[in-house]
Every structure is written in structure tokens, then in C-alpha cells.
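Heads up, the sequence shown is in the working numbering, so the first residue is 7 and it goes up one at a time.
A short write-up of the structure that comes next.
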Amino acid sequence: MEPNSPSASDSGDNTTPATTIVSDSGDATTRATALTERNLTVALGVTPRQIAAVARLLAEGNTIPFIARYRKEQHGDLDEVKIAAIQERLTYFQELEERKETILRSISEQGKLSDELAAKIVACDTKTTLEDLYLPYKPKRRTRAMIARERGLQPLADLLLAQVMETDPETAATSYISEETGVDSTTMALAGARDIAAETIAENAEIRGFIRTAFAERGEITSAAVEPLPDQPTKFEQYYDFREPIAKIPSHRFLAIRRGQTEGVLRVRLEVEAEPLIEHITELAAVNPDSPFAEHLKLAVDDAYKRLIAPSVEVDVLVEAKLKADADAIAIFGENLR
7 MEPNSPSASD
17 SGDNTTPATT
27 IVSDSGDATT
37 RATALTERNL
47 TVALGVTPRQ
57 IAAVARLLAE
67 GNTIPFIARY
77 RKEQHGDLDE
87 VKIAAIQERL
97 TYFQELEERK
107 ETILRSISEQ
117 GKLSDELAAK
127 IVACDTKTTL
137 EDLYLPYKPK
147 RRTRAMIARE
157 RGLQPLADLL
167 LAQVMETDPE
177 TAATSYISEE
187 TGVDSTTMAL
197 AGARDIAAET
207 IAENAEIRGF
217 IRTAFAERGE
227 ITSAAVEPLP
237 DQPTKFEQYY
247 DFREPIAKIP
257 SHRFLAIRRG
267 QTEGVLRVRL
277 EVEAEPLIEH
287 ITELAAVNPD
297 SPFAEHLKLA
307 VDDAYKRLIA
317 PSVEVDVLVE
327 AKLKADADAI
337 AIFGENLR
């Protein structure tokens with residue numbers, strides 16, 4: 007398995023200063039405007055010229071009501087709803103472009119910014135995809151894998167990930183028992199190696215992208231009443247035992263469920279059948295059933311999915327669904343004003 011993680015090929019002569027890469031596409035505001043044009047031209051039925059005009063007027067400090075009422079000749083008579091939608095996307099992409107600059111600079115300072123990685127970062131058009139690429143290079147809190155590395159277990163994890171055939175796990179782990187590092191048994195050594203392998207798998211951008219797509223396409227949003235049930239009836243009673251595919255749920259219903267969660271009445275989850283996803287990760291990790299390390303790698307895959315990937319992807323997909331539902335609500339409101 008070749009995880010999306012730092013490697014020797016990402017350093018040395020291949021490094022490229024972040025500022026050089028970013029400046030090739032203009033400043034963050036210009037790039038944000040271009041991304042907004044690509045994303046909203048069809049969705050809102052507006053032209054690139056209108057988006058550029060709104061971006062300029064907002065940058066000058068004008069309010070949305072002022073722009074809608076007194077600058078019609080510049081933006082082509084857009085209403086407040088469409089101007090607000092343009093502003094929201096401009097803000098999103100401005101933040102995205104600024105985050106790209108920060109990430110490029112961070113990886114460059116680590117000496118790990120290859121041309122290929124830089125190109126992928128510059129091409130990102132969502133925050134989640136960008137953060138997936140940055141994850142292997144992001145300064146981490148003290149994780150289980152970090153502790154295992156401090157105990158000198160990275161080489162054992164490399165054997166596990168490579169699924170070597172020449173030695174069995176117990177024999178390989180014996181040489182890592184050390185009073186100095188605090189590894190007191192082969193069981194402890196192998197557990198640490200699995201922690202490293204799980205983090206490596208979880209930081210693979212291809213795997214995270216696959217799981218995120220699966221959650222968005224196959225996931226079911228569920229809601230239940232927070233115990234104990236309220237004494238008085240609430241407007242969320244129809245969602246006390248609710249389930250619907252997130253890809254099909256109407257925006258107004260999704261937003262109602264989220265309001266119930268915000269008000270502390272509903273407990274909301276995004277659920278997806280785990281087993282097929284774990285099987286697919288196992289395939290991507292190229293588990294060799296004939297390797298003596300196969301069972302350890304399977305355990306690492308299971309841990310990577312359940313502990314490190316699924317919880318964060320669930321949050322990401324719900325956030326993206328909220329943004330989409332908000333945009334849909336704005337569009338519907340705008341249509342109703344006509």
C-alpha cells in the first residue's frame with residue numbers, strides 16, 4: 007500500500023516554494039472569484055460578469071441591500087437573494103484560497119512539498135478535499151501512533167504494511183521489547199505497530215475520498231429524541247424516530263432536523279453500512295491473505311475506519327449537507343419573491 011503520507015520523494019530537490027506556486031494563479035481574491043464563477047454561473051443563472059461586479063462592490067464595503075437597490079446597472083438587476091448567495095460562495099472560496107496558501111507554506115517549510123502535491127493542492131475546490139491532502143503533513147496532537155513511533159515501532163509497522171513473508175509477527179516483534187522504550191511484550195509492540203498502520207491508512211486521501219463519497223451517496227440520516235423526552239409536545243415529534251437517505255432528503259426537512267439537534271431535542275447521526283466500506287479499504291490496502299501479517303493489517307484497517315475515518319467523515323458530510331440545504335433554501339426563497 008502506498009499511503010498519502012510524507013516520503014523521501016517529497017523532499018529535497020523536488021520542493022517548490024509555496025509562494026511561487028500560489029502566485030502563478032493570481033491573488034487569493036482573484037482565484038476565489040474565478041471559483042465562484044465556475045460554481046454559480048449555472049446554479050444561479052448568473053454570468054461571470056455579474057459575479058465579478060458583485061465581488062467588486064462587496065470588496066468596496068457596500069452592503070447587500072445597497073448593491074441590490076442602487077447598483078443595478080453594474081450587476082444586471084440581481085436580487086438580494088442571489089447577491090447573498092454570491093457573497094457566501096465568495097467568502098467560502100476566499101477562505102479556501104487563503105487556507106491553500108497556509109498549507110503550501112507549511113508543507114514547503116517541512117521540505118516535503120513536491121510539484122505533484124502542490125498541483126493537487128492548488129486544484130482543490132472544496133475545503134474537505136484540501137484538508138485530506140494536508141492531513142499527513144499536519145502538525146498532530148499526541149496520537150496513539152505518535153506514541154508508538156516514539157517507542158521505535160515504525161519499522162515493525164513498515165513490516166506490517168508491507169506484509170513481509172519471511173518472518174512471523176511474534177518473532178519480528180520480539181526485537182522491539184525494551185525496558186528503555188517501555189515496550190514490555192510482543193503484544194504491546196504489535197498493538198503499537200497496528201496503531202501506526204491505522205493512522206497511515208486513515209491519512210490516505212484516496213481512501214478518505216471514497217468513504218466520504220459513500221457517506222454522501224449511501225448514508226442515511228437518523229434522528230431520535232434526546233432522553234428524557236420533553237414534558238411538553240415539540241415541533242420535532244415527527245423526527246423522534248426518523249430515517250431517510252441523505253442524498254434524497256428535502257432541504258427543509260434536513261434543516262428542521264438540524265434545528266432540533268441545535269435546540270437539544272434531537273440526537274442526529276449519519277449512518278452507513280460499515281462492512282462493505284471496510285472490505286473496500288482492505289482491498290485498497292492490498293491485504294495479502296497468505297502473509298503472516300494479514301490479520302494484523304485487517305485489524306488496523308478496521309481500527310482506521312471505525313476510530314479515525316468514519317467519525318470525522320460523518321461530520322464533514324453533515325456540514326456539506328447543511329451548506330447545500332442552506333443554498334437550496336435561499337434559491338427557493340428567491341424564486342418565491344418573483
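Every residue gets a Cβ at the ideal spot worked out from N, C-alpha and C, and that includes glycine.
Treat the numbers as computed from the prediction; the structure is a model and nothing was measured.
*Identify whether Ser-31 lies in helix, strand or coil by the three-state DSSP scheme.*
Reliability fails at Ser-31, whose pLDDT of 43 lies under 50, so the model's placement of it is uncertain and the value that follows must be treated cautiously. Three-state result, Ser-31: coil.
*Can you name the start and end residues of the alpha helix (DSSP H) that Val-128 belongs to?*
Start and end: 121-129.
*Is it buried or exposed for Gln-244, if we count other Cβ within 10 angstroms and need 16 for buried?*
Exposed: under 16 other Cβ atoms inside 10 Å.
*Between which two residues does the beta strand (DSSP E) carrying Glu-226 extend?*
That run of the beta strand (DSSP E) goes 226-231.
*Could you check how far apart the C-beta atoms of Ala-179 and Ala-195 are, in whole angstroms? I think they sit under 8 Å.*
Their Cβ separation, rounded to whole angstroms, is 4 Å, which keeps Ala-179 and Ala-195 in contact under 8 Å.
*asked:* Just to check my reading of the structure: Pro-57 and Leu-41 have Cβ atoms closer than 8 Å, yes? What is that Cβ distance to the nearest angstrom?
replied: The amino acid at residue 57 is misidentified as Pro; the sequence shows Ile. The pair is not a contact, with the Cβ atoms about 10 Å apart (cut-off 8 Å).
*For Leu-351, is the classification buried or exposed, using 16 other Cβ atoms within 10 angstroms of its Cβ as the cut-off for buried?*
For residue 351 there is no data in the structure shown, the boundaries of the chain being 7 and 344.
_Beta-carbon within less than 6 Å of Glu-326's beta-carbon, same chain only, minus the 5 sequence neighbours each way: which residues are those?_
In its own chain, leaving out the 5 sequence neighbours on each side, no residue places its CB closer than 6 Å to the CB of Glu-326.
*Considering only the beta carbon of each residue, do Ala-151 and Asp-201 sit closer than 8 Å?*
Against a cut-off of 8 Å, the Cβ pair of Asp-201 and Ala-151 comes out as a contact.
*Just to confirm, are Leu-64 and Leu-110 a CB contact at a threshold of 8 Å?*
No; because the gap between Cβ atoms is not below 8 Å, this pair is not in contact.
_Helix, strand or coil for Arg-155? Go by DSSP, reduced to three states._
Arg-155 carries a helical assignment under DSSP once its states are collapsed to helix, strand and coil.
_DSSP three-state assignment for Phe-242, whether helix, strand or coil_ = Looking at Phe-242 - three-state DSSP - the assignment turns out to be coil, as it is neither helix nor strand.
_Beta bridge counterpart(s) of Ser-184 as assigned by DSSP_ = Under DSSP, the beta-bridge partners assigned to Ser-184 are Val-189.
*Continuous beta strand (DSSP E) stretch holding Asp-360: start and end*: Residue numbering for the chain in the displayed model covers 7 to 344; residue 360 lies beyond these limits and cannot be assessed.
*Residues bridged to Leu-272 by DSSP?*
Leu-272 is bridged to Ala-231.
*Have a look at Thr-228 and Lys-78 and give me their C-alpha separation to the nearest angstrom.*
So the alpha carbons of these two residues sit roughly 44 Å apart.
_Cβ distance (whole Å) where Cys-130 is taken to contact Lys-146 below 8 Å_ = Cys-130 to Lys-146, Cβ: 21 Å. No contact.
_Once the 5 residues before and after Ile-127 are set aside, which same chain residues still bring their CB inside 7 Å of it?_
Around Ile-127: Lys-106, Ile-109, Leu-110, Leu-136 and Leu-139.
*On the DSSP bridge assignment, give the partners of Glu-209 in chain order.*
Per DSSP, Glu-209 has no beta bridge partner at all.
*Assign Asn-68 to one of three DSSP states: helix, strand, or coil.*
Residue state, collapsed to three classes: coil.
*Return the CA-CA distance between Glu-277 and Gly-225, expressed in angstroms with no decimal places.*
Between Glu-277 and Gly-225, the C-alpha separation is close to 5 Å.
*Terminal residues of the alpha helix (DSSP H) in which Arg-148 lies*: Per DSSP, Arg-148 belongs to no alpha helix (DSSP H) and is neither H nor E.
*Ignoring anything shorter than 4 residues or poking outside the segment 63-109, list the alpha helix (DSSP H) runs there in chain order.*
Within the segment 63-109, the runs of alpha helix (DSSP H) that reach at least 4 residues and sit entirely inside it are, in chain order, 70-76 and 78-81.
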